[in-house]
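These notes concern the structure reproduced below.
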Amino acid sequence: MESFRGLALKGKNFRQANLRAADFTGADIREADFWGADLTGANMSGANARLATFQGTILVGANCTEGNFWGVNFKVARLQDTVFLRCNMSQAEFPGAHCDRANFSEANLWHAIFRLAVLKDANLGKAEMGSAKMEQSVLDGANFREADLSSATFRGASLKGADFTAATLRDTGFREAILTRADFREADLKDASFRDAQLESTVMPDGTIEAGPIDFWPPN
Numbered sequence: 008m009e010s011f012r013g014l015a016l017k018g019k020n021f022r023q024a025n026l027r028a029a030d031f032t033g034a035d036i037r038e039a040d041f042w043g044a045d046l047t048g049a050n051m052s053g054a055n056a057r058l059a060t061f062q063g064t065i066l067v068g069a070n071c072t073e074g075n076f077w078g079v080n081f082k083v084a085r086l087q088d089t090v091f092l093r094c095n096m097s098q099a100e101f102p103g104a105h106c107d108r109a110n111f112s113e114a115n116l117w118h119a120i121f122r123l124a125v126l127k128d129a130n131l132g133k134a135e136m137g138s139a140k141m142e143q144s145v146l147d148g149a150n151f152r153e154a155d156l157s158s159a160t161f162r163g164a165s166l167k168g169a170d171f172t173a174a175t176l177r178d179t180g181f182r183e184a185i186l187t188r189a190d191f192r193e194a195d196l197k198d199a200s201f202r203d204a205q206l207e208s209t210v211m212p213d214g215t216i217e218a219g220p221i222d223f224w225p226p227n
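Its first residue numbered 8, the sequence shown is counted upward by one per residue in my numbering.
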């Protein structure tokens, strides 16, 4: 296991490197390039990875708790079971990334881009996700409990069984989304749009079950 713990590695090239279980705890890896690298099981807790590149990187099972990943490129990365607890990931890009069961709870994901990403059973509880872009992503079984998703976009996303209990969803767009068995109990849906969304056994904020088309909640 290689250790880079606490080292200054700004801008370093790690392209396609074998870094399985490597320790980057507290390291300065701003603007570093991890394109195509294997970081399976790595420890990046507390690392500063601002504007780093993780495109196509394998980070399966990595621990990135409380790291700074502002503006990072995670395009088509493999992030299954990765822990991003309380990370700063504002403006990070995840198009096409695989994030099944990843833990983003309490993370800052303002303006993050998850288009076409897969986040089945991911934990986004209490995350700050204002204006996040999640069009055509797969979020079946995802946990959004108490998350702030104001002005976020889920157009065409699959959200079967997703849990939005007590989430803030003001001006959030669910156009053409699949919301079968999604749970919105106690959620704030002021000005949220459901135009052309698929609702079936969907639990609304007041506990009622919706199974038909609506444009907004409460229905006009």
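Just so you know, even glycine gets a beta-carbon here, dropped at the ideal spot from N, CA and C. Just so we're clear, the structure is a prediction, and the values are computed from it rather than from any experiment.
Would you grab the beta carbon distance between residue i and residue j for me? Rounded to a whole angstrom, and I think it's under 8 Å.
| i | j | result |
| --- | --- | --- |
| F101 | T64 | F101 to T64, Cβ: 12 Å. No contact. |
| G78 | A54 | Going by Cβ atoms, the distance from G78 to A54 rounds to 14 Å, so no, they are not a contact pair. |
| D203 | R182 | 6 Å |
| L146 | A164 | 6 Å |
| Q98 | A119 | 7 Å |
| L46 | A29 | 7 Å |
| T209 | T187 | 7 Å |
| L16 | A39 | 6 Å |
| E207 | A218 | 5 Å |
Determine the DSSP secondary structure at residue i, reduced to helix, strand or coil.
| i | result |
| --- | --- |
| I251 | Absent from the model: residue 251. The displayed extent of the chain is 8 to 227, so no value can be given. |
| D221 | The question names Asp, yet the displayed sequence has Ile at residue 221. In the structure shown, I221 sits in coil (DSSP, three-state: anything other than H, G, I, E or B). |
| V145 | strand |
| T160 | strand |
| F52 | The amino acid occupying residue 52 in the given sequence is Ser; Phe does not appear at that position. In this structure, S52 counts as coil in the three-state DSSP scheme. |
| D155 | strand |
| T175 | strand |
| A180 | Going by the sequence as given, residue 180 is Gly instead of Ala. Looking at G180 - three-state DSSP - the assignment turns out to be strand. |
| R85 | strand |
| I65 | strand |
Quick one: Cα of residue i to Cα of residue j, how far?
| i | j | result |
| --- | --- | --- |
| R37 | A56 | 4 Å |
| C71 | T160 | 26 Å |
| T172 | D35 | 37 Å |
| Q205 | G132 | 23 Å |
| A114 | P220 | 33 Å |
| R192 | A184 | 18 Å |
| R162 | G103 | 15 Å |
| D195 | D222 | 15 Å |
| G68 | A44 | 14 Å |
| L126 | G13 | 31 Å |
| N211 | D190 | According to the sequence shown, residue 211 is Met rather than Asn. Between M211 and D190, the C-alpha separation is close to 7 Å. |
Any idea if residue i is buried or exposed, counting beta-carbon neighbours within 10 angstroms, 16 or more meaning buried?
| i | result |
| --- | --- |
| Q23 | exposed |
| T236 | Given a span of 8 to 227 for the chain in the structure shown, any question on residue 236 remains unanswerable. |
| N130 | buried |
| F21 | buried |
| S112 | buried |
| K19 | buried |
| P225 | exposed |
| L91 | Per the sequence shown, residue 91 should be read as Phe rather than Leu. Classification for F91: buried. |
| S294 | Any question about residue 294 goes unanswered here, given that the chain covers just 8 to 227. |
| A49 | buried |
| K197 | exposed |
Can you tell which of the options has the C-alpha that lies nearest to the C-alpha of residue i?
| i | options | result |
| --- | --- | --- |
| M8 | A15, K19, N20 and T32 | T32 |
| N150 | A169, F201 and S158 | A169 |
| A109 | G148, M136 and L86 | L86 |
| M136 | S158, P212 and A199 | S158 |
| K167 | A174, G148 and G13 | G148 |
| G180 | R152, F11 and K140 | K140 |
| N95 | S52, R177, R122 and D128 | S52 |
| N80 | E217, R122 and N25 | R122 |
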